[in-house]
Each structure stands twice: as C-alpha cells, then as structure tokens.
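Note that the numbering used here has the sequence shown beginning at 8, numbered continuously upward. We treat Cβ as the ideally placed atom computed from N, Cα and C, and that holds for glycine. These numbers were taken from a predicted model, which means no experiment stands behind them. Working notes, beginning with the structure itself.
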Amino acid sequence: MPYEPLLNSPWVTRLYLNNLGDEETPRLSVRILQLLVAQKKQIRQQVQNLVKQVEQEITSQGNREQVLDLIETIVLYKLPQISRQELGEMFSVENLKKTRFAQEMKQEGREEGREEMKRQLINRLAARAMSPDDIAEILELDPAVVQQILKSPEN
C-alpha cells in the first residue's frame with residue numbers, strides 16, 4: 008500500500024513477460040526474457056531462434072559465449088531432465104562444444120548430474136557477482152544450501 012502512488016506514477020512502467028514482444032521481431036533481450044515464461048513445448052524452437060539471433064547480432068566471441076551460457080542456464084533450469092542430445096538439438100554443435108556443462112552431463116550419471124547441475128548453476132550465478140541470497144531466490148533453494156555449496160572444497 009505505501010508504494011501504490013509510486014507504482015501508479017509515470018516513473019514506473021509495468022512489463023508483463025508474457026505480453027512482451029508483440030512486434031514481429033523482438034530484440035534479443037526481450038526474446039531471452041520470453042524464454043523465462045515459455046511453455047516447455049515452445050522452448051526448443053525459441054532456443055534455436057535465439058541461438059541464430061545471437062550469432063547474427065553479437066560479434067564479440069566473449070559476449071556471444073556469455074549470452075549463450077545464460078540461455079543454456081535458463082534451459083537447464085526450466086528443463087532439469089533434459090538430455091545432452093536434446094540440448095544439442097537446441098544449440099548448434101559448435102556452441103554446444105563450448106558449454107562445459109553439456110560435456111560434464113555426458114560423463115556423469117543422472118543423479119550425480121542433477122547435483123552437479125545445481126552446483127554449476129550456483130557457481131555460474133556467483134561468478135556474475137550475485138549474492139548467495141539472490142541465487143537462492145532465483146533457484147528457489149534454501150540460502151543455507153547455496154552457502155554450503157559455495158563454501159564446499161569442490162568449488
């Protein structure tokens with residue numbers, strides 16, 4: 008209630024992810040946001056289109072890898088049971104080879120892979136200078152679990 012005047016002011020613009028990008032070819036940033044709210048059956052096609060757009064629009068190899076890594080992180084979070092083969096079908100072979108996580112999934116079992124995925128996601132977000140509390144909120148984990156993983160000697 009105390010923020011209602013601010014929220015109704017012209018200083019704040021509300022954006023609803025499922026209404027973003029009504030234009031025919033939305034910007035890359037908008038399409039990445041749309042991936043967050045995409046239904047599982049739409050993710051494959053959206054990722055393939057995103058990868059093409061990243062390759063066309065981002066010229067810096069370092070920036071391209073960071074954006075692809077973000078897209079991969081979103082896909083792995085939304086589809087935790089995805090196989091390496093399915094991931095490879097979404098990303099080009101060249102881009103998939105650059106993702107360390109995809110290579111590790113091939114070598115590990117399903118159970119160990121899920122724990123490793125959680126650890127990888129936490130480490131990736133921590134590498135982006137995010138606080139443990141923010142990481143816990145994003146991944147819907149207990150902050151104590153995030154702290155424990157970040158402090159473990161394996162990191």
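Mapping DSSP to helix, strand and coil, what is residue 129? For this step, residue 129 is matched to residue 122 along the sequence shown. Residue state, collapsed to three classes: helix.
Between the region 75-93 and the region 43-63, do at least 3 Cβ pairs fall closer than 8 Å? They touch, by the three-pair rule.
Leaving out five residues before and five after residue 140 in sequence, what residues of the same chain have Cβ atoms less than 6 Å from its Cβ? Residue 140 sits at position 133 when you count from the first residue of the sequence shown. Cβ neighbours of residue 140 beyond the five flanking positions: 150.
Using beta-carbon positions only, say whether residue 78 and residue 132 come within less than 8 Å of one another. Here residue 78 refers to the residue found at position 71 of the sequence shown. Here residue 132 refers to the residue found at position 125 of the sequence shown. Result no, Cβ atoms of residue 78 and residue 132 do not sit closer than 8 Å.
Option nearest residue 35 by Cα separation, candidates 67, 60, 18, 138: Here residue 35 corresponds to residue number 28 of the sequence shown, with the count starting at 1. Proximity to residue 35 across 67, 60, 18, 138 peaks at 60, based on C-alpha coordinates.
Check each candidate in 8, 90, 97, 158 and name the one with the smallest Cα separation from residue 75. As a first step, residue 75 is located in the sequence shown; it is residue number 68 there, counting from the start. Of the candidates 8, 90, 97, 158, the one whose C-alpha sits nearest the C-alpha of residue 75 is 97.
In the DSSP assignment, find the alpha helix (DSSP H) that holds residue 143 and state where it starts and stops. Looking up residue 143 in the sequence shown gives position 136. For residue 143, the uninterrupted alpha helix (DSSP H) segment begins and ends at 139-146.
Quick one: Cα of residue 23 to Cα of residue 12, how far? Here residue 23 refers to the residue found at position 16 when the sequence shown is read from its first residue. Here residue 12 refers to the residue found at position 5 when the sequence shown is read from its first residue. Cα to Cα, residue 23 sits roughly 19 Å from residue 12.
By how many angstroms is the C-alpha of residue 17 removed from the C-alpha of residue 123? As a working note, residue 123 is residue 116 in the sequence shown. As a working note, residue 17 is residue 10 in the sequence shown. The C-alpha of residue 17 is placed about 45 Å away from the C-alpha of residue 123.
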